[in-house]
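Mapped onto our numbering, the consecutive letters of the sequence shown carry residue numbers 234 to 392.
Using N, Cα and C, we set each Cβ at its ideal position, and we do this for glycine too.
Report on the structure given below.
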Amino acid sequence: MVFIACQEKAGIDQQVRNDPQKYFDFIALNHHQASEEVEGDQKTKLLKEALGYYRDLEKRFPNETYWRAEARLASGHVLRLLARKDEALTTYTSVAGDFPSYDFQILMAIKSQIGLFAEQENQIKVDELCHDLQERFAGRQEQVFQTAIQNCPGAGHGG
234 MVFIACQEKA GIDQQVRNDP QKYFDFIALN HHQASEEVEG DQKTKLLKEA
284 LGYYRDLEKR FPNETYWRAE ARLASGHVLR LLARKDEALT TYTSVAGDFP
334 SYDFQILMAI KSQIGLFAEQ ENQIKVDELC HDLQERFAGR QEQVFQTAIQ
384 NCPGAGHGG
């Protein structure tokens, strides 16, 4: 099985799991991104493994807030792919609450929430989140923040 070979090669149990960036990259490449290449039960298996590993990363590295924020955001994406949309929304919401100084991750979490609510045709929530996005990041000059505000599909926000 490819996963086992990759796991043994990467030394996940010792080398990779002891470094938050290497662990995150391993999870993203070997589970999260790898799930895009398969279908059905194998896809579900890889996504569930990715979710478990992302959650493990958060527990394993309590002082690595950047990597914990990245893992939480990625967990939301995995939950969305698993069609566990309520859990994904809760996870995305928790990014801002638990990692208030990580603006990029918060931005991506809010954009992901907007996408989920837009899929559900919940324009009220889309508008609320677009307003939150504008309020939170209006003073930011970086292009990624300005583009997100301009492209927000909420009423009166350029979408």
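Asked, Found
"Rounded separation between E352 and Q338 - CA only", "21 angstroms"
"C-beta atoms of I343 and L366 nearer than 8 angstroms", "yes"
"Cβ-Cβ separation, F332 to L290 (assumed contact under 8 angstroms), whole Å", "At roughly 14 angstroms, the Cβ-Cβ gap does not stay under 8 angstroms, so L290 and F332 are not in contact."
"Check whether A267 and L279 have beta carbons under 8 angstroms apart", "yes"
"Inter-residue spacing [alpha-carbon to alpha-carbon] between Y335 and M341", "10 angstroms"
"Anticipated Cβ contact below 8 angstroms, L284 with V328, distance rounded", "Not really, about 15 angstroms apart at Cβ, beyond 8 angstroms."
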